Amino acid sequence: MGRSASARTAAKFAYYWGQFNQDLEIFDFDRCTGLFSDPVHILISDANSMGGVAFSPNSRYLYVSSVLDVYQYDTEASDIEVSMEHIAEWDNTYSPFPPLATMFDIAQLAPDGKIYIATGNGTDKLHVIHRPDSAGRACDTEPHGITLPRVFSNSLPNHPNYHLGPIDGSVCDSLGITNGVEESAIQEALQAYPNPSSGVFSLSYPVQPSAGELEVLDLSGRLVLRERLPAWSQVHRVELQGEAAGLYQCRLTWSTAGHLRVVVQREGCRAEDKGMPPAKPEALTFYADICSMERRIIAWGAGILLVAVVLGAFGAHALKERLSPEHLGQWKTGVEYQFYHGLGLLLLVALGNRVSDGALRRTSWFFFLGVLLFSGSLYLLSTRELSGLGGATAIIGPITPLGGLFFIAGWGHLLITALTGTDRRLVTASGLRLLFGAQFQSIGT
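Each residue of the sequence shown is one higher than the one before, counting from 949 in the numbering used here.
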């Protein structure tokens, strides 16, 4: 029994059966009258008897899967038969074991714009043509590129193009309907899942009769990914490899455009890692802000510790013989307090689930300003004779206790937060209850 396929525009129809010299037949098709015309018969010179056919999303390229081989034909070429490209052949793979050979049989164009080819046996593999709109080997055929959770005999779901509509301006277009989707409809229908994700997610969107473009930008506006969206596709898989966790903007463009935000999370920055339930889309920016704030505090803490180690070594070696014991003691005190509060910033992140976001932010600022004023002023006071700032003692001196007050304020604020039980998870429970709706359950301490 042969296989048939229609182009997504329904302007072409193909039929393939390898037996009795029937091989490949290609017709023009008038979908207003239902008539075939201009038949092209192509004899494929191999010994294979059956297989499948599928058109590319742009309807130009026809793929024939013929048991041991896969061929591509350019239906817009002046000589379609001569345009044949041999793009794949069976590589003697069996899966999960012999004699289950991963050959080439039924082919189908899927909603993601890729062509999938079944193996014709009880295997656990599917072959994939990733870029069927591209000529020759550029179509990127991946033999046994999909591993299925179980073996299957030989079937693929059919995806007729129900979105085709009438040909604009033809006798079929009695209602004057224009193909395509309005911009507002595109924006409303855009979805990303899963979202948040680890960087691998899928986009779903309304079908469009022309190819589109996907651009992914980070918060600074840097373009991190640009990919083509095949015509008539409805799903597109995105992989952001090597990109940092954070918020990204997806821009999908045809004649109109749609925008969508996605959150990329790494281990330790997922909603579950924060003691929170999985988020609805409305809460995604909240989670991104939490992760961004914690990364910033870690950077501050690490930077303060690094400078403290450098200044401690500098004082022990370069200043030991040049400062009096009293002034060297002042330098040492500045280093110690800087080191303690650098560790304090890292401790804040470790306690992140137990304090509210406001307390976390305020305490980190108190510590940072304390280091800047208290330790910074001690460094200047201890080296005032070397630096020629001896006359500025009256100005620098009062800064030291001011910095100490910031240290006290930071620890005091943290103590009050702990005593009053301001748990970040409980704050989130009350503040985001509406965002999570019925999915939300209170999280205890």
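All C-beta atoms in this analysis are idealised placements derived from N, C-alpha and C, irrespective of residue type, glycine included.
A quick note: this is a predicted structure, and the numbers were derived from the prediction, not measured.
The segment 1020 to 1027 makes contact with the segment 1001 to 1009: 3 or more CB pairs, one atom from each, lie closer than 8 angstroms. Put simply, the backbone Cα of glutamate 1136 is about 35 angstroms away from that of isoleucine 1054. Taking 8 angstroms as the cut-off, the beta carbon of proline 1091 is found closer than this to the beta carbon of alanine 1036.
Counting C-beta pairs with one atom in each stretch, the segment 1279 to 1288 and the segment 1310 to 1325 have three or more that are closer than 8 angstroms, which means they touch. Counting only runs of at least 4 residues, the segment 1298 to 1344 fully encloses the following alpha helix (DSSP H) elements, listed from N- to C-terminal order: 1305 to 1318, 1324 to 1330, 1332 to 1335, 1341 to 1344. When DSSP reads this structure, glutamine 1213 sits in no beta bridge, so it has no partner. Contact between glutamate 1191 and valine 1212 holds: their C-beta atoms lie close to 6 angstroms from each other, under 8 angstroms. Secondary structure of threonine 1204 (DSSP, three-state): coil. Assignment of histidine 1111 by DSSP, reduced to helix, strand and coil, places it in the coil class.
Nearest in C-alpha terms to serine 993, of all of Pro1154, Phe984, Phe975, Met1032, is Met1032. The secondary-structure analysis by DSSP pairs isoleucine 1094 across a beta bridge with Leu1074. Burial is judged here by how many other beta carbons sit within 10 angstroms of a residue's own beta carbon; glycine 1277 has fewer than 16 and is exposed. Of the candidates Val1012, Met1051, Leu1188, Val1155, the residue whose Cα lies closest to the Cα of glycine 1206 is Val1155. By the 16-neighbour rule on beta-carbons within 10 angstroms, glycine 1345 is exposed. The segment 1051 to 1067 makes contact with the segment 1172 to 1183; the number of CB pairs closer than 8 angstroms reaches 3 or more. Around the CB of isoleucine 990, 16 or more other CB atoms lie within 10 Å, so the residue is classed as buried.
Just measuring C-alpha positions, the residue of Trp1202, Leu1208, Ser1203 sitting nearest leucine 1195 is Leu1208.
Inclusion of threonine 1071 and serine 1043 in the CB contact set at 8 angstroms is warranted, their separation being smaller than that value.
Within the segment 1150 to 1182, the beta strand (DSSP E) runs of at least 3 residues that lie entirely inside it are, in chain order, 1160 to 1165, 1171 to 1177. Burial check for serine 952: the Cβ neighbour count within 10 Å stays below 16, so the residue is exposed. Rounded to whole angstroms, the gap between the alpha carbons of glycine 1282 and leucine 1337 is 18 angstroms. By the criterion of a C-beta distance shorter than 7 angstroms, threonine 1095 is surrounded in its chain by Asp1072, Lys1073, once the five residues flanking it on both sides are discounted. Counting along the chain, the unbroken beta strand (DSSP E) around alanine 1002 starts and ends at 1000 to 1003. Three or more beta-carbon pairs separated by less than 8 angstroms link the segment 1160 to 1167 to the segment 1197 to 1206, which places the two stretches in contact. In the DSSP assignment, phenylalanine 975 falls within the beta strand (DSSP E) that extends over 971 to 978. In this structure, glutamine 1139 lies away from asparagine 1106, with their beta-carbon atoms at least 8 angstroms apart.
DSSP lists Asp976 as the bridge partner or partners of lysine 960. Going by DSSP, isoleucine 1063 is part of the beta strand (DSSP E) stretching over 1063 to 1065.
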